[in-house]
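Chemist:
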Amino acid sequence: MASQNRALSVLLCVHVLSLIAVLNSNRVSAQSKAVFACDVASNSGLANFTFCDPKSDVKTRVDDLVKRLTLQEKIGLLVDSAGAVSRLGIPKYEWWSEALHGVSYVGPGTHFSSVIPGATSFPQVILTAASFNVTLFESIGKVVSTEARAMYNVGLAGLTFWSPNINIFRDPRWGRGQETPGEDPLLSSKYGSAYVRGLQQSDDGDKDRLKVGACCKHYTAYDVDNWKGVERYTFNAVVTKQDMDDTFQPPFKSCVIDGNVASVMCSYNQVNGKATCGDPDLLKGVIRGEWKLNGYISSDCDSLDVMFNSQHYTKTPEETAAIAILAVTRGLLKESDIDNAVSNNIATQMRLGFFDGDPSKQIYGALGPKDVCTPANQELAREAARQGIVLLKNSPGSLPLSPTSIKSLAVIGPNADVTKTMIGNYEGTPCKYTTPLQGLTASVATVYQQGCANVACATAQVDAAKKIASTADATVLIMGADLSIEAESRDRIDITLPGQQTLLITAVANVSKGPVILVIMSGGGMDVQFAKDNPKITSILWVGYPGEAGGAAIADVIFGYSNPSGRLPMTWYPQSFADKVNMTNMNMRPDAATGYPGRTYRFYTGETVYTFGDGLSYSTFNHHLVQAPKLVSVPLEEGHVCRSSACKSIDVVEQSCKDLAFDIHLRVQNMGKMGGSHTVFLFTTPPSVHNSPQKHLLGFEKVFLTPQAQGLVRFNVDVCKDLSVVDELGNRKVALGQHLLHVGSLKHSLNLRI
Ligand SMILES: *[C@@H]1O[C@H](CO)[C@@H](O)[C@H](O)[C@H]1NC(C)=O
Ligand SMILES: *[C@@H]1O[C@H](CO)[C@@H](O)[C@H](O)[C@H]1NC(C)=O
Ligand SMILES: *[C@@H]1O[C@H](CO)[C@@H](O)[C@H](O)[C@H]1NC(C)=O
Ligand SMILES: *[C@@H]1O[C@H](CO)[C@@H](O)[C@H](O)[C@H]1NC(C)=O
Numbered sequence: 056m057a058s059q060n061r062a063l064s065v066l067l068c069v070h071v072l073s074l075i076a077v078l079n080s081n082r083v084s085a086q087s088k089a090v091f092a093c094d095v096a097s098n099s100g101l102a103n104f105t106f107c108d109p110k111s112d113v114k115t116r117v118d119d120l121v122k123r124l125t126l127q128e129k130i131g132l133l134v135d136s137a138g139a140v141s142r143l144g145i146p147k148y149e150w151w152s153e154a155l156h157g158v159s160y161v162g163p164g165t166h167f168s169s170v171i172p173g174a175t176s177f178p179q180v181i182l183t184a185a186s187f188n189v190t191l192f193e194s195i196g197k198v199v200s201t202e203a204r205a206m207y208n209v210g211l212a213g214l215t216f217w218s219p220n221i222n223i224f225r226d227p228r229w230g231r232g233q234e235t236p237g238e239d240p241l242l243s244s245k246y247g248s249a250y251v252r253g254l255q256q257s258d259d260g261d262k263d264r265l266k267v268g269a270c271c272k273h274y275t276a277y278d279v280d281n282w283k284g285v286e287r288y289t290f291n292a293v294v295t296k297q298d299m300d301d302t303f304q305p306p307f308k309s310c311v312i313d314g315n316v317a318s319v320m321c322s323y324n325q326v327n328g329k330a331t332c333g334d335p336d337l338l339k340g341v342i343r344g345e346w347k348l349n350g351y352i353s354s355d356c357d358s359l360d361v362m363f364n365s366q367h368y369t370k371t372p373e374e375t376a377a378i379a380i381l382a383v384t385r386g387l388l389k390e391s392d393i394d395n396a397v398s399n400n401i402a403t404q405m406r407l408g409f410f411d412g413d414p415s416k417q418i419y420g421a422l423g424p425k426d427v428c429t430p431a432n433q434e435l436a437r438e439a440a441r442q443g444i445v446l447l448k449n450s451p452g453s454l455p456l457s458p459t460s461i462k463s464l465a466v467i468g469p470n471a472d473v474t475k476t477m478i479g480n481y482e483g484t485p486c487k488y489t490t491p492l493q494g495l496t497a498s499v500a501t502v503y504q505q506g507c508a509n510v511a512c513a514t515a516q517v518d519a520a521k522k523i524a525s526t527a528d529a530t531v532l533i534m535g536a537d538l539s540i541e542a543e544s545r546d547r548i549d550i551t552l553p554g555q556q557t558l559l560i561t562a563v564a565n566v567s568k569g570p571v572i573l574v575i576m577s578g579g580g581m582d583v584q585f586a587k588d589n590p591k592i593t594s595i596l597w598v599g600y601p602g603e604a605g606g607a608a609i610a611d612v613i614f615g616y617s618n619p620s621g622r623l624p625m626t627w628y629p630q631s632f633a634d635k636v637n638m639t640n641m642n643m644r645p646d647a648a649t650g651y652p653g654r655t656y657r658f659y660t661g662e663t664v665y666t667f668g669d670g671l672s673y674s675t676f677n678h679h680l681v682q683a684p685k686l687v688s689v690p691l692e693e694g695h696v697c698r699s700s701a702c703k704s705i706d707v708v709e710q711s712c713k714d715l716a717f718d719i720h721l722r723v724q725n726m727g728k729m730g731g732s733h734t735v736f737l738f739t740t741p742p743s744v745h746n747s748p749q750k751h752l753l754g755f756e757k758v759f760l761t762p763q764a765q766g767l768v769r770f771n772v773d774v775c776k777d778l779s780v781v782d783e784l785g786n787r788k789v790a791l792g793q794h795l796l797h798v799g800s801l802k803h804s805l806n807l808r809i
């Protein structure tokens, strides 16, 4: 028997239903107006229902509706393609829409049509994350939710979007790393909560109302798709308690607590032998119990089917259904469990205004086609790419190129004139595209050679490329990957540039007359050590998948209309890492006994090609420490066990550690001739207790400074939150002793004692 604590609020993807055969799944058909319940104007009787009364509170309305539903109707409301309850004026509703970096056509809830043929396509998330600009993360979310509401109003979109993806980009080979904000738990937390706020926050400031519903996924420890035959559907992620609590869980915790997200989606994989969608500790215990999710939990598509058919995790379909609250009739579950689940779903719809009648008369009613792909929205897509692009190498005299002195520019490479490649996955139809070639050609005369038929580059057309490079004033090579190399269900084996790309680049660089700019378009990091070492390659730019305006933004940076300020949100490893390290090894910490090098800048001990936080500017910035304590004392009560000198850490739950905080003030100066933005990273190296990270990011702040200008950056450090580490059992502890704070090359030692 399934115990009550196994009852989850789970929204099933429709395929699970074929397994259970409870109801018909009808896809939402083409609409021309918004789908909504409580259409009092055409059925005045509905006005009598409390659940249709916008003046009542959400809980009262939900209880009223649930009371009126039959068991069959309730079950019909628990799947992504929710059934209609016509007798109560409730139409069908499709829960599944996506908006990872713009309103997407992935997911049956959203379509483009002649009414709204496209939406603003922002850079793929990994590039936006590289901007390290929290304001930007939220601004993008806000534009996306405005465009989503406009599409909903004309019947083209739903109100619930299963974005963002905040899994930690733990291994460079992961095909979906591009969708994430990178490898750092703090950056991922800041990205996730800011993007969710941008999507959800109601224009009228009412905290209980949702503009659209967001969903943080995939919970949890999910980052293997298909590597050497190991598939996500059957992969069991073996994760230590310590890694779980200081790497994999923090972004989800922040998404629920700081972002107040309306939904969390559990993942396909198992964690320590348990299916995430069927683990009451992870779901009811943590998400609802500890973090107090105000919303619904969704299963990944088919994950319950997968649980039964692929993982053989449950013995019978009925048991699977019980976990997912679909076997009431067989007595495996109480109807009250169903009521809880359906209440969470309906409450979310109430907060979205779905039960408030005609949306054209409500807060977003005026939004329509004119609000999608506006010049301002498209400019933000270009700005996001500019802010994210990372300058990795720049020899003197290389970038920026002068648009007036370059008379001819050789543009070479399989990604030089691409459109869709710039969008990455979970894409929508963009408003329009500006390819890199188009972007560059807008400023100078160009000559173009593709160099390879595609990114796989089986045979490079070296001679044709060399010919144009040898006569041009400068050469831009636009290389890298696309979804044929890294994607969902497609992890990489090699992290070098595909096929003969390296050969082409080296040959072209060798004959080029002027500067050679290598542009890497990719989601994951690439082993480009050869290019870093080759003096003929004078600059390297990483541009992620830069979105619809990517080509314009690349040109903005190359010609110095914009000063690059992006920083790598993930480590770039050498190919030897991929040859040696098992992708399936989830351990973050190195293991000297086996030679395992660990993962991410927080733990990895091996060689890197580029590291987390790398990124140059056309200016240089100096840091000066203005204020920071050298000693912080944590008061302890009399008789505490930690009074002995052997004590290395104390529990964060201690009373004494509450409200203990201090400020660090830094002065930053732009020493260059060009105005620019600069991200100040505050890292700390904790004392070496509990296998703590070699360093970790404590805060970051991006500032814009005109030439020679100075700015003050202030970090408020919460001792318990920021100077704590997670011990081997998953408990947060304040580490006592020397904490080394670093900002750029500045180091400051801080002693924490009791
Ligand atoms: C709604 O309530 C009013 C007043 O209580 C009643 O006269 C009317 O018949 C009701 N309408 C329906 C459709 O139940
Ligand atoms: C570079 O060019 C020189 C001649 O200019 C040639 O000898 C050499 O092989 C070239 N190297 C590569 C890597 O193409
Ligand atoms: C890699 O992991 C697989 C199981 O996931 C294991 O069978 C294999 O021995 C591992 N290889 C190494 C080198 O650790
Ligand atoms: C952060 O992004 C916002 C929105 O694009 C922009 O206005 C602001 O200037 C950016 N901040 C910095 C320091 O670049």
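Throughout, my numbering is defined as the position within the sequence shown, counted from one, plus 55. Cβ coordinates follow ideal geometry from the N, Cα and C atoms, glycine included.
#1: Counting along the chain, where does the beta strand (DSSP E) carrying S779 start and finish?
#2: Once DSSP output is grouped into helix, strand and coil, what is the label at I461?
#3: Determine, using beta carbons only, whether L737 and G670 come nearer to each other than 8 Å.
#4: Tell me whether V781, by its Cβ, gets closer than 7 Å to a heavy atom of ligand 4.
#5: Return the bridge partner residues of Q793 from the DSSP annotation.
#6: Taking its Cβ as the centre, do 16 or more other Cβ atoms sit within 10 Å of M576, making it buried, or is it exposed?
#7: Does DSSP put N79 in a helix, a strand or coil?
#8: By Cβ distance, which residues of its chain are closer than 8 Å to S84, with the 5 residues on each side in sequence left out?
#9: If I'm right that E603 touches G578 with Cβ under 8 Å, what's the distance once you round it to whole angstroms?
#10: Can you tell me whether V708 is buried or exposed? The criterion is at least 16 other CB atoms within 10 Å of its CB, across all chains shown.
#11: Answer yes or no: the CB of N589 versus the heavy atoms of ligand 2, is any distance below 7 Å?
#12: Which residues does DSSP pair with S769 in a beta bridge?
#13: In terms of alpha-carbon separation, which member of L552, G615 and D518 lies closest to I533?
#14: Starting from L623, follow its DSSP beta bridges and name the residues at the other end.
#15: Quick one: residues in its chain with C-beta nearer than 7 Å to the C-beta of K425, no 5 flanking neighbours on either side, listed in chain order?
#16: Can you tell me whether Q442 sits near ligand 6, meaning its C-beta is under 7 Å from at least one heavy atom of the ligand?
#17: Could you check if E438 belongs to the surroundings of ligand 4, using beta carbon to heavy atom distance under 7 Å?
#18: In or out: E193 buried (at least 16 other Cβ within 10 Å) or exposed?
#19: Taking the alpha carbon of Q404 as the point to measure from, which residue in M477, A269 and R769 has its own alpha carbon closest?
#20: Relative to ligand 2, is the shortest distance from any of its heavy atoms to the C-beta of T530 smaller than 7 Å?
#21: Going by alpha carbons, who is nearest to S141 out of D118, A92 and A586?
#22: Helix or strand or just coil, what does DSSP make of V612?
#23: Helix, strand or coil: how does DSSP classify K750 here?
#24: I believe A440 touches I523 by the beta-carbon criterion, under 8 Å. Please report the beta-carbon distance rounded to the nearest angstrom.
#25: Residue ranges of each alpha helix (DSSP H) run of no fewer than 4 residues wholly in the segment 464-510, ordered along the chain?
#26: Report the rounded CA-to-CA distance for Y651 versus G668, giving the unit in angstroms.
#27: Please work out which residues of its chain come closer than 6 Å, Cβ to Cβ, to G754, disregarding the five sequence neighbours upstream and downstream, and give them in chain order.
#28: Per DSSP, which residues does C271 bridge with? Please list them.
#29: Enumerate, from N- to C-terminal direction, the unbroken beta strand (DSSP E) stretches of 3 or more residues contained entirely within the segment 302-347.
#30: Roughly how many angstroms lie between the CA atoms of K802 and H678, to the nearest whole one?
#31: Among C712, A154 and S463, which one has its Cα closest to the Cα of A212?
#32: Under 8 Å: do the segment 312-322 and the segment 255-265 share three or more Cβ pairs, one atom per stretch?
#33: Strictly closer than 6 Å from CB to any heavy atom of ligand 2: give me those residues in the order they appear in the chain.
#34: From which residue to which residue does the alpha helix (DSSP H) around Q433 run?
#35: Any chance the CB of S820 is under 7 Å from a heavy atom of ligand 4?
#36: What residues match up with D706 in a beta bridge as DSSP calls it?
Modeler: Looking at the coordinates:
#1: Translated into positions along the sequence shown, residue 779 becomes position 724. S779 to V781 is the span of the beta strand (DSSP E), which, as asked, contains S779.
#2: Sequence index remark: in the sequence shown, residue 461 carries index 406 (1-based). Of the three classes helix, strand and coil, the one that applies to I461 here is coil, per DSSP.
#3: Indexing the sequence shown from 1 puts residue 737 at position 682. Indexing the sequence shown from 1 puts residue 670 at position 615. Cβ distance not < 8 Å, so L737 and G670 don't count as in contact.
#4: Sequence index remark: in the sequence shown, residue 781 carries index 726 (1-based). At a threshold of 7 Å, V781 does not count as near ligand 4, since its beta carbon sits no closer than that to any of the ligand's heavy atoms.
#5: On the sequence shown, residue 793 is found 738 positions in, with the first residue counted as 1. DSSP output for Q793 lists N806 as bridge partner(s).
#6: Against the sequence shown, residue 576 aligns to sequence position 521. By the 16-neighbour rule on beta-carbons within 10 angstroms, M576 is buried.
#7: In the sequence shown, counting from the first residue as 1, residue 79 sits at position 24. Note that N79 scores 31 on pLDDT, short of 50, meaning its location in the model is unreliable and no value can be drawn from it.
#8: Position 29 of the sequence shown holds residue 84. Summary for S84: the model assigns pLDDT 43, below 50, so the residue's position carries little reliability, and this model does not support an answer.
#9: Translated into positions along the sequence shown, residue 603 becomes position 548. Translated into positions along the sequence shown, residue 578 becomes position 523. Actually they are not in contact, since the Cβ atoms of E603 and G578 sit about 17 Å apart, beyond 8 Å.
#10: Working through the sequence shown from its first residue, we reach residue 708 at position 653. Looking at its Cβ environment, which holds fewer than 16 other Cβ atoms inside 10 Å, V708 is exposed.
#11: The residue labelled residue 589 in the question sits at position 534 within the sequence shown. N589: no, Cβ never under 7 Å from ligand 2.
#12: Locating residue 769 in the sequence shown gives position 714, where the first residue counts as 1. Checking the sequence, you will find Arg at residue 769 rather than Ser. DSSP output for R769 lists H720 as bridge partner(s).
#13: Position 478 of the sequence shown, counting from 1, holds the residue named residue 533. Cα-wise, what sits closest to I533 is L552.
#14: One-based indexing of the sequence shown puts residue 623 at position 568. DSSP lists no partner for L623.
#15: Your numbering for residue 425 matches position 370 in the sequence shown. Answer for K425: no residue qualifies.
#16: Among the ligands modelled here, namely ligand 1, ligand 2, ligand 3 and ligand 4, ligand 6 does not occur.
#17: Sequence index remark: in the sequence shown, residue 438 carries index 383 (1-based). Yes, ligand 4 has a heavy atom inside 7 Å of this Cβ.
#18: Reading the sequence shown from its first residue, position 138 is the one you call residue 193. With a threshold of 16 other beta carbon atoms within 10 Å, E193 meets it and is buried.
#19: For the purposes of this step, residue 404 is taken as the residue at position 349 of the sequence shown. Taking each of M477, A269 and R769 in turn and checking the Cα distance to Q404, the smallest one comes out for A269.
#20: On the sequence shown, residue 530 is found 475 positions in, with the first residue counted as 1. Because no heavy atom of ligand 2 lies under 7 Å away, the Cβ of T530 does not count as near it: no.
#21: As a first step, residue 141 is located in the sequence shown; it is residue number 86 there, counting from the start. Residue A92 holds the alpha-carbon nearest to the alpha-carbon of S141 among D118, A92 and A586.
#22: For the purposes of this step, residue 612 is taken as residue 557 along the sequence shown, with counting starting at 1. V612 carries a helical assignment under DSSP once its states are collapsed to helix, strand and coil.
#23: For the purposes of this step, residue 750 is taken as the residue at position 695 of the sequence shown. Looking at K750 - three-state DSSP - the assignment turns out to be coil, as it is neither helix nor strand.
#24: By one-based count along the sequence shown, residue 440 stands at place 385. By one-based count along the sequence shown, residue 523 stands at place 468. Not quite, the Cβ-Cβ distance comes to about 26 Å (not below 8 Å), so this is no contact.
#25: With a minimum length of 4 residues, the continuous alpha helix (DSSP H) runs that stay inside the segment 464-510 are 491-496.
#26: By 1-based counting over the sequence shown, the position of residue 651 is 596. By 1-based counting over the sequence shown, the position of residue 668 is 613. Distance from the CA atom of Y651 to the CA atom of G668, rounded to whole angstroms, is 23 Å.
#27: For the purposes of this step, residue 754 is taken as residue 699 along the sequence shown, with counting starting at 1. Only L737 and F770 meet the Cβ criterion.
#28: Along the sequence shown, read from residue 1 onward, the residue named residue 271 stands at position 216. In DSSP, C271 forms a bridge with V319.
#29: Taken in chain order, the complete beta strand (DSSP E) segments of 3 or more residues contained in the segment 302-347 are 318-321.
#30: What you label residue 802 is simply residue 747 of the sequence shown in a count that begins at 1. What you label residue 678 is simply residue 623 of the sequence shown in a count that begins at 1. CA-CA distance, K802 to H678, rounds to 11 Å.
#31: Position 157 of the sequence shown holds residue 212. Taking the Cα of A212 as reference, the smallest distance to any Cα among C712, A154 and S463 is reached at A154.
#32: A contact exists between the segment 312-322 and the segment 255-265.
#33: Checking every Cβ against the heavy atoms of ligand 2 under 6 Å gives T561, A562 and N565.
#34: Residue 433 sits at position 378 when you count from the first residue of the sequence shown. Annotation: the continuous alpha helix (DSSP H) that includes Q433 extends over P430 to G443.
#35: This structure cannot settle anything about residue 820, because the visible part of the chain is limited to 56 through 809.
#36: Here residue 706 refers to the residue found at position 651 of the sequence shown. According to DSSP, which records beta bridges pairwise, D706 is partnered with K788.
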